[in-house]
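Participant:
Numbering (UniProt numbering), first residue to last: 1 to 603.
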């Protein structure tokens with residue numbers, strides 16, 4: 001009997017949906033801020049236990065920094081919390097994100113288990129901010145609102161609220177295995193099955209069975225899982241951070257020299273090319289002579305690192321990154337007549353942005369940016385210190401004649417142009433694979449600026465209009481240095497500004513994270529000009545607030561209609577990543593390191 005491809009597709013989709021959605025009866029994958037109740041939003045009482053003693057996990061944060069602060073929040077003595085967490089001082093400032101075990105009495109109230117607390121409202125706030133912020137998603141805002149109906153839509157300052165935190169008492173596994181505690185654990189970005197099982201020293205099978213998950217299930221931030229613990233004592237093991245990316249993130253591009261219409265001089269950033277080259281050869285020769293002499297006395301130790309001793313035993317010690325950049329970096333000094341010819345005298349026809357023009361010089365497409373003379377040296381200096389394949393290359397400079405207050409910087413113009421214009425084209429060729437690759441390219445670039453530059457750099461103007469696409473559909477970030485400020489600056493950025501007063505005058509990498517989240521939203525939805533209202537509406541649809549279909553149906557409603565084929569799980573993952581990136585509180589946004597850990601699994 002012949003089975004059509006359509007029937008196979010429908011069968012596969014049904015099976016996937018069953019495994020991803022229906023089978024997860026005890027895990028609610030919707031966010032803490034969701035206004036809908038799902039299985040797992042609250043844990044149903046079982047017939048074995050009406051009450052039990054168990055634990056919650058809470059993370060130290062800016063507001064609750066010490067064991068004393070955390071104990072007061074949970075209405076218990078500091079001594080009890082100190083003993084369980086093997087700590088000494090209740091006043092010691094904890095590292096932000098430090099996970100603390102909180103002992104609670106879990107009781108069956110009606111049909112649901114809960115650990116009951118009271119909370120006095122100290123300031124104007126919302127149920128969402130209390131449940132998802134103060135109590136870190138240990139209960140959903142919907143549960144909070146339902147337990148405090150007398151407060152209306154928002155609680156009054158000074159009022160005392162009932163806080164039914166999620167907890168559960170153990171029953172028997174289907175395998176007959178006994179469990180002593182079910183620890184309530186709030187999931188954050190980066191958590192996965194491997195991390196959780198290592199953190200608590202438990203088996204993956206037990207965790208999956210308890211939460212009715214399978215090995216392919218995804219854990220989403222601002223949700224809760226139950227961690228089955230066999231016996232005392234409970235310990236949360238520290239998991240070391242993953243190492244920094246290898247040098248592959250910092251490729252070196254070859255120098256391309258341009259023939260000008262009139263004779264042009266090379267502007268060499270940082271040092272004279274010939275002197276550097278000569279110094280390199282001399283240092284290499286002296287060093288190789290030393291190595292040969294050393295080899296006659298003792299064997300070379302290959303386990304030493306670059307900086308392991310004053311002798312620097314690695315043969316490549318003289319070729320430091322700064323020296324290599326000095327050799328590599330040179331600029332063409334263009335004549336103003338060349339730029340006028342390339343841009344048709346800076347005509348409107350060639351204008352592609354504020355003070356930015358496209359043109360053709362020696363059959364090479366370029367972008368030419370006009371800027372104030374005093375800012376030019378800062379941009380050139382910055383580009384002489386950075387080198388990344390996903391940053392648009394600075395090719396040359398022109399110091400304007402006749403008007404000494406203006407100068408021009410000449411950049412490469414990637415073949416496929418601006419990302420925003422590509423997305424806006426209804427016939428655009430950006431399939432799902434290319435979009436995730438572009439997102440990864442820009443994340444890699446921002447990671448380089450944030451972590452591999454010294455001092456670290458915040459771009460401050462990340463947007464789809466500043467992202468350009470190469471002939472092989474890879475992303476490059478432009479305007480690096482044009483609006484870049486150091487992280488210790490206090491100037492308000494001139495690029496993308498966050499909604500409301502979230503920035504509060506402080507420039508930081510979190511502005512780039514917010515802007516990157518907006519780029520993800522545009523790649524997913526195809527829409528432009530996101531503001532605070534559009535962002536909230538978008539995530540409202542994603543969380544299923546406007547439909548009965550849940551997050552998958554909400555996701556389909558916001559996807560770019562030009563995308564005919566995409567990975568539903570990957571799209572959902574990117575959507576929740578974007579949601580975290582544009583969080584109101586900058587402290588709750590992920591770092592570029594967190595973002596890279598998510599995206600690297602997709603490309």
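Each residue gets a CB set at the ideal place from its N, CA and C atoms; glycine is no exception.
Given the structure is predicted, the values throughout are model-derived calculations rather than measurements.
1) Buried or exposed: where does residue 296 fall if 16 or more other Cβ atoms within 10 Å of its Cβ makes it buried?
2) Which residue comes first and which comes last in the alpha helix (DSSP H) that contains residue 115?
3) Out of 201, 395, 39 and 157, point me to the one whose CA is closest to residue 213's CA.
4) Measure from the alpha carbon of residue 396 to the alpha carbon of each residue in 432, 368, 46 and 82, then state which is nearest.
5) Please work out which residues of its chain come closer than 6 Å, Cβ to Cβ, to residue 438, disregarding the five sequence neighbours upstream and downstream, and give them in chain order.
6) Return the CA-CA distance between residue 46 and residue 163, expressed in angstroms with no decimal places.
7) Any idea if residue 97 is buried or exposed, counting beta-carbon neighbours within 10 angstroms, 16 or more meaning buried?
8) What is the DSSP secondary structure of residue 603, reduced to helix, strand or coil?
9) I need the straight-line Cα distance from residue 226 to residue 202, nearest angstrom please.
10) From the DSSP secondary-structure annotation, give me the bridge partner or partners of residue 333.
11) How would you label residue 148, buried or exposed, when you count the other beta carbons within 10 angstroms and need 16 or more for buried?
12) Under a Cβ-count criterion, where at least 16 other Cβ atoms within 10 Å of its own Cβ denotes burial, should residue 115 be classed as buried or exposed?
13) Closest to residue 194 by CA distance: which of 178, 210, 182 and 219 is it?
14) Taking 8 Å as the cut-off, decide whether the C-beta atoms of residue 189 and residue 169 are in contact.
15) Quick check on residue 158: buried or exposed, where buried means 16 or more other Cβ atoms within 10 Å of its Cβ?
16) Report all residues from its chain with a CB closer than 7 Å to the CB of residue 587; omit the five preceding and five following residues, and keep chain order.
17) From what residue to what residue does the alpha helix (DSSP H) around residue 196 run?
18) Got a sec, what are the start and stop residues for the alpha helix (DSSP H) residue 432 sits in?
19) Near residue 50, which residues of its chain fall below 6 Å by C-beta distance, leaving aside the five closest residues on each side in sequence?
20) Tell me, please, whether the region 407 to 416 touches the region 365 to 382 by the rule of three or more beta-carbon pairs shorter than 8 Å.
21) State the DSSP-derived secondary structure class of residue 460, mapped to helix, strand or coil.
22) Are at least three pairs of beta-carbons, each pair with one atom in the region 507 to 519 and one in the region 566 to 583, less than 8 Å apart?
23) Which two residues bound the contiguous beta strand (DSSP E) that contains residue 57?
24) My guess is that residue 468 and residue 392 are in contact by the Cβ rule of under 8 Å, so how many angstroms apart are they, rounded?
25) Should residue 450 be labelled buried (16 or more other beta-carbon atoms within 10 Å of its own) or exposed?
26) Take residue 412 as the anchor and find which of 470, 127, 568 and 89 has the nearest alpha-carbon.
27) Considering only residues of the region 90 to 155, which uninterrupted beta strand (DSSP E) runs meet the minimum length of 3 residues and lie entirely inside it, listed in chain order?
28) With H, G and I counted as helix, E and B as strand and the rest as coil, what does DSSP make of residue 183?
29) Closer than 8 Å is the cut-off here; do at least three beta carbon pairs connect the region 81 to 90 with the region 130 to 148?
Facilitator: Working from what's here:
1) Reliability of the predicted coordinates at residue 296 is poor, the pLDDT of 38 falling under 50, and no value is obtained from them.
2) Per DSSP, residue 115 belongs to no alpha helix (DSSP H); it is in the beta strand (DSSP E), 112 to 120.
3) Per the Cα distances, 39.
4) For the residues 432, 368, 46 and 82, the minimum Cα distance to residue 396 belongs to 368.
5) 475
6) 21 Å
7) exposed
8) coil
9) 12 Å
10) 397
11) buried
12) Classification for residue 115: buried.
13) When 178, 210, 182 and 219 are compared, the shortest CA-CA separation from residue 194 is found for 219.
14) no
15) exposed
16) 62
17) 193 to 200
18) 432 to 451
19) 108
20) yes
21) Residue 460: coil per DSSP, three-state reduction.
22) yes
23) From DSSP, the beta strand (DSSP E) with residue 57 extends over 51 to 59.
24) 6 Å
25) Label assigned to residue 450: buried.
26) 470
27) Fully enclosed beta strand (DSSP E) runs of 3 or longer: 99 to 109 and 112 to 120.
28) strand
29) No: fewer than three Cβ pairs fall under 8 Å.
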